[in-house]
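Numbering (this note's numbering), first residue to last: 105 to 188. Cβ atoms here follow ideal geometry from the backbone N, Cα and C, with glycine treated the same way. None of these values were measured; they are calculated from a predicted model. Okay, so here's the structure we're looking at.
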Amino acid sequence: MSLRTLAVLSFCLLLAACSKVTQENYSKLSAGMPKAQVEQLLGSPTQCSGALGMSSCTWGDAKTFISVQYAADKVVLFSGQGLE
């Protein structure tokens, strides 16, 4: 295995270990929380969509994720799956 391949694999493992999509962070979410505070806690979302003052953002992947729905940039609902 080349040194470059080893470095890339190490970096990927480090990123996975630093995920903010955890049960601990999920438990810190609450209705009414501002969008900026959620992003401070979870980082930049993996994807977002929305219209007419409503939006939905997701952090994580298909197996492990946190999803947050906003109205006027305030948390209305949130859910998670596969959190440890």
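Residue j beta carbon less than 7 Å from that of residue i
i: Ala-140; j: Val-179; result: no
i: Leu-181; j: Tyr-130; result: no
i: Ser-153; j: Gln-173; result: no
Those residues which DSSP pairs with residue i across a bridge
i: Ala-155; result: Met-158
i: Gly-164; result: Phe-169
Cβ neighbours of residue i in the same chain (closer than 6 Å, five flanking residues each side left out)
i: Lys-124; result: Leu-146 and Gly-147
i: Trp-163; result: Val-125, Leu-146, Pro-149, Thr-150 and Ile-170
i: Ala-176; result: Gly-157
i: Met-137; result: Val-179
Same chain, Cβ closer than 8 Å to residue i, five either side skipped, listed in chain order
i: Cys-116; result: In this predicted model, Cys-116 has a pLDDT of only 47, less than 50, meaning its place in the structure is not dependable; the value taken from the coordinates is given anyway. Nothing listed; no residue qualifies.
i: Glu-143; result: Pro-149
For residue i, the first and last residue of its enclosing beta strand (DSSP E)
i: Lys-178; result: 178-185
i: Val-172; result: 169-175
Alpha helix (DSSP H) segment containing residue i, residue limits
i: Val-142; result: 139-146
i: Glu-188; result: Run containing Glu-188: none; DSSP gives neither H nor E here.
Neighbourhood of residue i by C-beta distance below 7 Å, restricted to the same chain and skipping five residues each side
i: Ser-183; result: Ser-171
i: Gln-127; result: Leu-187 and Glu-188
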